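Participant: One structure coming up, written as structure tokens, with questions to follow.
Number of protein chains: 2
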Amino acid sequence: MPTKIFLNEDEIPRQWYNLAADLPGTINPPLGQDGKPISPDMLAAVFPMNLIEQEMSQQRWIDIPEGILDLLYRWRPSPLHRAIHLEKALGTPAKIFYKNESVSPAGSHKPNTAVAQAWYNKEFGIKRLTTETGAGQWGSALSYSCALLGMECKVFMVRISFDQKPFRKSLMETWGGECVASPSNETQVGRDILAKMPDTPGSLGIAISEAIEAAVSDKTGKTRYALGSVLNHVMLHQTIIGLEAKKQLDKFGIKKVDTVIGCAGGGSNFAGLAFPFVLDKINGADIEIIPVEPASCPTLTATPFSYDFGDVAQMTPMLPMHSLGHKFIPAPIHAGGLRYHGMAPLVSHAVEAGLMSPMAIKQLECYEAGLTFARTEGLVVAPETCHAVACAIRCAKQAKEEGKEKTIIFNLSGHGLMDLAGYAKFMAGELQDIVMSAQDVKESRRISITGYPVPKI
Amino acid sequence: MPTKIFLNEDEIPRQWYNLAADLPGTINPPLGQDGKPISPDMLAAVFPMNLIEQEMSQQRWIDIPEGILDLLYRWRPSPLHRAIHLEKALGTPAKIFYKNESVSPAGSHKPNTAVAQAWYNKEFGIKRLTTETGAGQWGSALSYSCALLGMECKVFMVRISFDQKPFRKSLMETWGGECVASPSNETQVGRDILAKMPDTPGSLGIAISEAIEAAVSDKTGKTRYALGSVLNHVMLHQTIIGLEAKKQLDKFGIKKVDTVIGCAGGGSNFAGLAFPFVLDKINGADIEIIPVEPASCPTLTATPFSYDFGDVAQMTPMLPMHSLGHKFIPAPIHAGGLRYHGMAPLVSHAVEAGLMSPMAIKQLECYEAGLTFARTEGLVVAPETCHAVACAIRCAKQAKEEGKEKTIIFNLSGHGLMDLAGYAKFMAGELQDIVMSAQDVKESRRISITGYPVPKI
Chain A
1 MPTKIFLNED EIPRQWYNLA ADLPGTINPP LGQDGKPISP DMLAAVFPMN
51 LIEQEMSQQR WIDIPEGILD LLYRWRPSPL HRAIHLEKAL GTPAKIFYKN
101 ESVSPAGSHK PNTAVAQAWY NKEFGIKRLT TETGAGQWGS ALSYSCALLG
151 MECKVFMVRI SFDQKPFRKS LMETWGGECV ASPSNETQVG RDILAKMPDT
201 PGSLGIAISE AIEAAVSDKT GKTRYALGSV LNHVMLHQTI IGLEAKKQLD
251 KFGIKKVDTV IGCAGGGSNF AGLAFPFVLD KINGADIEII PVEPASCPTL
301 TATPFSYDFG DVAQMTPMLP MHSLGHKFIP APIHAGGLRY HGMAPLVSHA
351 VEAGLMSPMA IKQLECYEAG LTFARTEGLV VAPETCHAVA CAIRCAKQAK
401 EEGKEKTIIF NLSGHGLMDL AGYAKFMAGE LQDIVMSAQD VKESRRISIT
451 GYPVPKI
Chain B
1 MPTKIFLNED EIPRQWYNLA ADLPGTINPP LGQDGKPISP DMLAAVFPMN
51 LIEQEMSQQR WIDIPEGILD LLYRWRPSPL HRAIHLEKAL GTPAKIFYKN
101 ESVSPAGSHK PNTAVAQAWY NKEFGIKRLT TETGAGQWGS ALSYSCALLG
151 MECKVFMVRI SFDQKPFRKS LMETWGGECV ASPSNETQVG RDILAKMPDT
201 PGSLGIAISE AIEAAVSDKT GKTRYALGSV LNHVMLHQTI IGLEAKKQLD
251 KFGIKKVDTV IGCAGGGSNF AGLAFPFVLD KINGADIEII PVEPASCPTL
301 TATPFSYDFG DVAQMTPMLP MHSLGHKFIP APIHAGGLRY HGMAPLVSHA
351 VEAGLMSPMA IKQLECYEAG LTFARTEGLV VAPETCHAVA CAIRCAKQAK
401 EEGKEKTIIF NLSGHGLMDL AGYAKFMAGE LQDIVMSAQD VKESRRISIT
451 GYPVPKI
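Here the protein sequences come in this chain order: A and B.
Heads up, the first sequence is in full-length UniProt numbering, so the first residue is 1 and it goes up one at a time.
Heads up, the second sequence is in full-length UniProt numbering, so the first residue is 1 and it goes up one at a time.
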């Protein structure tokens, strides 16, 4: 049996899978401030119309334009590995597979949707994209994508990350992107916040508000905003991960997958691997599908399905999602990509419908799993990805206890070569577990969410 | 035509190519302090006997043991890309291909020999390896390899790099390696130097001396030393790069390669791609083969073929090579992997035999090429690799001027995600060109080399 399976470029999936077509119950629409469903034109200043249509589509299979395939070929298809060395170290009868999204030039799954969003914007005549970034993966991916298409890119990076990770800014600039610390003096939102709190570390909520303002205030109409997770079209673009993985599992001779795992912050890398398997589950397959979140920022495992805003300043519509409340500021864990108060509506809906089994894991167990993985499989994964590895190890150990052969697959969403500070602190014994209590969750939601409409499916 | 070609694991080359079998003239042996050829047993305290035999072998094809193939499968075969976007940007009639060695878990070509050396040492009963590292790529690759084989790894990292790049140490430690700044208090060499020069920035020469001392002073006999470039067996292990590339060019439908390019510090990534093409050239093919070195550390383009030591402290044998003198301390350019006073004997010999056309390029042109590559092909390459990119761009422009279709291939030896400081300084206009004059070269050699035997081929 080979260690890994590549696919040739002509074997790449040529359609994305849209879970919205198959979810049981009613899809809850985004709501405006007035509590009424928003219309497509209300988003037109923020996103190009072709992406707004995709966001609202309930078509099951959506063709990937040739122009986007040409962009994806630069690194895709990505390899699917069997973790035989981890299996041996654990002494488990389980087979563990991982889809290696770290091979993209930006080092994570993020370019899968970044190239697609940039391409659709360019088709629509847009010349410039704005966005926010926390840990820096998304800002890097969008800068990369804009470089390939000759577009401009402006990234508002959360101040504390901007200061901690100067090389993320350098990476974006190498691709021609522009990166400023948020809050900045370039937007009204930023100036107002700086006037009140000159020393603020910033937040994703603030950065989103700045990026949206920077897009809608361009009077030429040639600027739009791009979001790296949460929204339906982002989940859609990421499904190429799971669709490729299925072809590769088939080449490995695997007929039945038992467990599908991904770490979940906004939900996009998890959805990318999982949604094609959710379809199998809807059609009757017996599959356990596990989104893994940090115990310090637990949405799926700790909060009810609610309507909430995507950002602190309430500039986005209200989305139906599991949420800690849009005013919540997550603890400063190293898995910056999982520090988000909400969860993608499609993932949230699927959890409500009983299609998924979310799990929260603490920081130390995740880094311990990351170290084990590095020393067996050899890949140093991102702090976010450590959550998926930790869950895979739990499942493999359980299979050992139960003496069951089973097949586990997880998404290796990114490498950790630009995030080694967390590993260093873990090895030095300087990290602690941070757990959000039920009381903390209740209080956070009370401040942000009380009184909004309640979604039903 | 596809953008890139993968090979399946069962298509991996199963033999390495040894250029020593085919070089015209006599291979000059390493010499001891007395000027006489050294015998294998004189190296036995430093290297395991199986690698010493390989170092001295003149057998043309050498089987790759199954155990090493199993290690290489973790990331190999690596992809061969066609740089269609760079070609378009240059408007060149040339076809440009690049072999992507950045996909290894350590991010460069170094693991190709690191896993092989670790495996041979383990076969010989060795439990622990010592080495030096400058920029950190080699120390990372050996730590990675030792993790896979359950061996210990001790890395002496040049003090100035150790301080500038703390995350390289973290990466080695994540793989279970141990990394100390050199000079250290752990060896007699280190203590002596620290006593005289407590604030020294260190050098590769010092770090090599410490690593050799740490190996030979282990009285259990279970420790050996490993070197990441220069030696014949290292070149041998890297030839898998060029052998894979030939299979992939064939799948691209390319019948004739005109130009082969690699950056050259100690010479290993260049040799890895180039040596299988040198064989074609020896057999009559019309191929231009270009090792590219920095103008601040020019060995092949500026110095005669000489015997010289590999380290400052003269702990290594004298090797026949182009050299600036073993006491030379290269300028602090960002391409740390090219800051070496000598050049691999096999590469040096091939240049003397007229089989190669070396080129020296200045720092600014290299970074400019790196930026162009990042914004067209999308990959951010290591500062060392920028030298190969700059040469490929020169050749492609020349093809345009001459109106000639030609096929160029270069080795993308590593990514630059952990070396972004150089790009940031370049973009900020803070870097200068550093050129070593003929007078500087003469003076450096006068201090180090005068009076040693002169090799002849």
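Every residue gets a Cβ at the ideal spot worked out from N, C-alpha and C, and that includes glycine.
Owing to the predicted nature of the structure, the values given are computational and were not obtained by experimental measurement.
#1: Can you find the residues in the same chain that come closer than 7 angstroms, C-beta to C-beta, to B:L7, ignoring five residues on each side of it along the sequence?
#2: CA-CA distance, A:R60 and A:L236?
#3: Please identify the residue among A:G202, A:K256, A:T113 whose C-alpha is closest to the C-alpha of A:Y161.
#4: Tell me the rounded alpha-carbon separation between B:G265 and B:E293.
#5: With 9 angstroms as the threshold, decide whether the Cβ of B:M427 is near any Cβ in chain A.
#6: Any contact of the stretch 344 to 357 of chain A with the stretch 315 to 324 of chain A, i.e. 3+ C-beta pairs under 8 angstroms?
#7: Based on DSSP bridge pairs, tell me the residues matched to A:M343.
#8: Kindly provide the ranges of any beta strand (DSSP E) runs that are 3 or more residues long and lie completely inside the stretch 341 to 379 of chain B, ordered along the chain.
#9: Starting from A:M50, follow the alpha helix (DSSP H) in both directions and report where the run begins and ends.
#10: Check whether the stretch 21 to 39 of chain A touches the stretch 81 to 97 of chain A, taking contact to mean three or more Cβ pairs, one atom from each stretch, closer than 8 angstroms.
#11: Using the Cα positions of A:V230 and A:K110, report the straight-line distance between them to the nearest angstrom.
#12: Identify whether B:D440 lies in helix, strand or coil by the three-state DSSP scheme.
#13: What whole-angstrom Cβ distance do B:I289 and B:F97 have, given they're in contact under 8 angstroms?
#14: So the candidates are A:V158, A:P298, A:L379; which of them puts its Cα closest to the Cα of residue 459 of chain A?
#15: Evaluate A:T303 with the Cβ neighbour count: other Cβ atoms within 10 Å of its Cβ, from every protein chain shown; 16 or more gives buried, anything less gives exposed.
#16: Does the distance from the C-beta atom of A:H387 to that of A:L338 stay below 9 angstroms?
#17: What does B:Y98 touch in chain A if you count any residue whose Cβ is under 9 angstroms from its own?
#18: By DSSP, does A:A264 sit in helix, in strand, or in coil?
#19: My parser needs the beta strand (DSSP E) runs of 3 or more residues fully inside the stretch 217 to 283 of chain A; what are they?
#20: Does the stretch 200 to 216 of chain A come into contact with the stretch 304 to 317 of chain A, if we say contact requires no fewer than three beta-carbon pairs (one atom in each stretch) closer than 8 angstroms?
#21: Using a Cβ cut-off of 7 angstroms, pull out every chain B residue sitting near A:R375, in sequence order please.
#22: Counting Cβ pairs, one atom from each stretch, are 3 or more of them under 8 angstroms apart for the stretch 139 to 152 of chain B and the stretch 106 to 123 of chain B?
#23: For chain A, is any of its Cβ atoms less than 9 angstroms away from the one on B:L371?
#24: Is the Cβ-Cβ distance between B:V158 and B:E178 less than 9 angstroms?
#25: CB-CB under 6 angstroms to A:P383, same chain, minus the five flanking residues each way: which ones, in chain order?
#26: Hey, does B:M418 have any beta-carbon neighbour from chain A nearer than 9 angstroms?
#27: At 7 angstroms on the CB atoms, spell out the chain B contacts of A:S413, in chain order.
#28: According to DSSP, is A:D70 helix, strand or coil?
#29: In chain order, what residues of the same chain lie with their CB nearer than 8 angstroms to the CB of A:I38, ignoring the 5 residues before and after it?
#30: Using 10 angstroms around the beta-carbon of B:T450, count the other beta-carbons present and answer buried if the total reaches 16, otherwise exposed.
#31: Where DSSP assigns a beta bridge to A:Y98, which residues make up the other side?
#32: For A:L171, decide whether its Cβ has a neighbour in chain B, counting only Cβ atoms nearer than 9 angstroms.
#33: What residue range is occupied by the uninterrupted alpha helix (DSSP H) comprising A:L149?
#34: Say whether chain A places a C-beta atom closer than 9 angstroms to the C-beta of B:P30.
#35: In angstroms with no decimal places, state the Cα-to-Cα distance between B:D311 and B:F328.
#36: Out of curiosity, what's the CA-to-CA distance linking B:P455 and B:G262?
Facilitator: Considering the structure as presented:
#1: P77, E244, K247, Q248
#2: 10 angstroms
#3: Per the sequence shown, residue 161 of chain A should be read as Ser rather than Tyr. Ranking A:G202, A:K256, A:T113 by Cα distance to A:S161 puts A:G202 first.
#4: 7 angstroms
#5: yes
#6: yes
#7: Paired residues: none, contrary to the question.
#8: 359 to 361
#9: Note on residue identity: the sequence assigns Asn, not Met, to residue 50 of chain A. Where A:N50 is concerned, the enclosing alpha helix (DSSP H) stretches over 49 to 56.
#10: no
#11: 12 angstroms
#12: helix
#13: Going by Cβ atoms, the distance from B:I289 to B:F97 rounds to 15 angstroms, so no, they are not a contact pair.
#14: In the structure as shown, chain A begins at 1 and stops at 457. Residue 459 of chain A is therefore absent and cannot be evaluated.
#15: buried
#16: yes
#17: Correct list: empty, because the minimum Cβ distance to chain A is about 12 angstroms.
#18: coil
#19: 223 to 225, 259 to 263
#20: yes
#21: A147, W175, G176
#22: yes
#23: yes
#24: no
#25: H334, A335, D419, G422
#26: yes
#27: Those do not exist, as A:S413 stays about 16 angstroms from chain B at its closest Cβ, beyond 7 angstroms.
#28: helix
#29: P29, P30, L31, G32, P317
#30: exposed
#31: A:H81, A:F410
#32: yes
#33: 137 to 149
#34: no
#35: 10 angstroms
#36: 25 angstroms
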